[in-house]
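Chains as they are written, first to last, in our numbering: chain A, 58 to 302; chain B, 135 to 358.
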């Protein structure tokens, strides 16, 4: 418990994050290079989709991350709301733009892949639609945070919104799912072979871990910035600025 | 007993106060009528087209109209300080907030649902489809008011609050829109609306039991 008590204080978290960033960054770089080379060069082309399926090595991990980050953000928001831990609010605040970016990447790559596959940039496919709504949820969260000046209220208000959102995400997801199955013929959903070959699965998993590590790296950088911004009136930040820290 | 009395008083007071400013009640309704009337101008007056798009148009317009009226839910009470008095009352704020939402729905969702058949006739919907529309609106608009109240409470006293509310609550409205419009459009294909009504009812039960907590928490943060 002592560990958590110490490092949940921004003052102690800041240098710890600084020491962790190079490690996470290095792991990200290595995994990203291995995964991309494996996925783009070594993995065999798909028998139906040719080479265009390779966008999945970016698309699928970012779609996974878009949900993962929302969960992290909502858990951080709940912790900050219930126990009033500043660092958890910093975590939630720094996660939101990253999650929104992952969602946007998933949407853009999905639509780039859809053009050669489905012949159109956008279909109202269940997964695309729920991803789009997830993006709107992120935007709403960030907009609410940005329009409240008082940081304490911004943290608490946006925490409530994040918790309401996480309760609603499964409902929205299944609603869109059922709406889709009732409205659209199944023909658009030809996603190639239903099972995935092991030669494609391994680079996909490597890329997923790489994205995860990338998120942690950038998250730590953003959290450090956020902490400096919030604690700028404290002595220890002044020490760092003056080069004594 | 005092709890029930407080809940009833808040409801009655909100109804009276809102009725005194009757334009606030009428504006969302007029908005509803105008938006629905704009669609035929935009997409063309062919009856088959209107019949297919009608359910979606009516539901989206009703959703926007009820969203536009969210502002009056807490804003006036916040400005004159009575919201703080309500928050200080010994009765649970979640119940009093629920009572305010009920009053809001009575003067927004209910008249919208009753007005909808008239507009549905303009869009050439069948009698059965109109029945479905009214029932689905009666089940769905309370959910919209409950979710919307969370957004309204979160954005109290924030600059640009009106537009912000739409950003916060519209994504959360999607499930209600999907199943609400589906009950009506299903009539054309002969699909049974039972499942859609069951889901709308489930949303309502879920929203009624959970949303008041979120509204109360949001109000406390905003009043801080």
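Just so it is clear, CB atoms sit at the ideal spot from N, CA and C, and this is done for glycine as well.
None of these values were measured; they are calculated from a predicted model.
- In the DSSP assignment, residue 292 of chain A falls within the unbroken alpha helix (DSSP H) covering 292-298.
- Note that the C-beta distance between residue 196 of chain B and residue 166 of chain B is below 9 Å.
- By the CB criterion at 9 Å, residue 286 of chain B and residue 204 of chain B fall inside the cutoff.
- Interface residue (Cβ-Cβ distance to chain A less than 9 Å): residue 318 of chain B is not classified as such.
- Among the residues of the segment 207-229 of chain B, none has a Cβ less than 9 Å away from any Cβ of chain A.
- In this structure, residue 111 of chain A keeps its C-beta atom at 9 Å or more from the C-beta atom of residue 208 of chain A.
- The segment 184-195 of chain B and the segment 227-238 of chain B do not touch, with fewer than 3 CB-CB distances between them shorter than 8 Å.
- Using a Cβ-Cβ cut-off of 9 Å, residue 156 of chain A is close to nothing in chain B; its nearest Cβ partner there is about 14 Å away.
- For residue 105 of chain A, the closest C-alpha among the options A/285, A/173, A/94, A/114 is that of A/173.
- Take the alpha-carbon of residue 335 of chain B and the one of residue 276 of chain A: they are about 41 Å apart.
- For residue 142 of chain A, no alpha helix (DSSP H) encloses it, and the DSSP letter there is neither H nor E.
- Of the residues assessed, residue 211 of chain B falls on the buried side of the cut-off, its CB having 16 or more other CB atoms within 10 angstroms.
- With a threshold of 9 Å between beta carbons, residue 355 of chain B makes contact with chain A.
- Straight across, the Cα-Cα distance linking residue 266 of chain A with residue 257 of chain B is about 53 Å.
- Between the segment 285-305 of chain B and the segment 177-186 of chain A there are fewer than three C-beta pairs closer than 8 Å, too few to call the two in contact.
- Following the DSSP letters along the chain, one finds residue 102 of chain A in no alpha helix (DSSP H), marked with neither H nor E.
- At least one CB of chain B lies nearer than 9 Å to the CB of residue 200 of chain A.
- Taking 9 Å as the CB threshold, residue 220 of chain A lines the interface with chain B.
- Runs of the alpha helix (DSSP H) lying entirely within the segment 178-230 of chain B and spanning at least 4 residues, in chain order: 181-202, 205-214, 216-222.
- The three-state secondary structure of residue 146 of chain A, taken from DSSP, is helix.
- Comparing alpha carbon positions, the residue from B/320, B/181, B/301 closest to residue 270 of chain B is B/320.
- Listed along the chain, the chain A residues whose CB falls inside 9 Å of the CB of residue 296 of chain B amount to none; the nearest CB is some 11 Å away.
- Straight-line spacing of the CA atoms in residue 113 of chain A and residue 284 of chain A works out to 35 Å.
- Not one beta carbon of chain B lies nearer than 9 Å to the beta carbon of residue 132 of chain A.
- Note that the C-beta distance between residue 301 of chain B and residue 201 of chain A is below 9 Å.
- Against chain B, the beta carbon of residue 197 of chain A has neighbours under 7 Å at 301, 302, 305, listed in chain order.
- Here the C-alpha atom of residue 117 of chain A lies approximately 16 Å from the C-alpha atom of residue 103 of chain A.
- Residues of the segment 222-238 of chain A with a Cβ closer than 9 Å to any Cβ of chain B, in chain order: 222, 224, 225, 228, 229, 231, 232, 233, 235, 236.
- Cβ-Cβ separation between residue 140 of chain B and residue 223 of chain B: approximately 6 Å, consistent with a contact (criterion under 8 Å).
- The contact set of residue 348 of chain B on chain A, defined by CB atoms closer than 8 Å, consists of 217, 220, 221 in chain order.
- Using a Cβ distance threshold of 9 Å, residue 282 of chain B and residue 200 of chain B count as a contacting pair.
- For residue 258 of chain B, the three-state secondary structure derived from DSSP is coil.
- Here the alpha carbon of residue 62 of chain A sits roughly 29 Å from the alpha carbon of residue 203 of chain A.
- With a cutoff of 9 Å on beta-carbon distance, residue 75 of chain A and residue 281 of chain A are scored as near each other.
- In this chain, the alpha helix (DSSP H) harbouring residue 312 of chain B covers 295-323.
- Around residue 331 of chain B, no beta-carbon contact reaches into chain A at under 8 Å, the shortest distance being about 14 Å.
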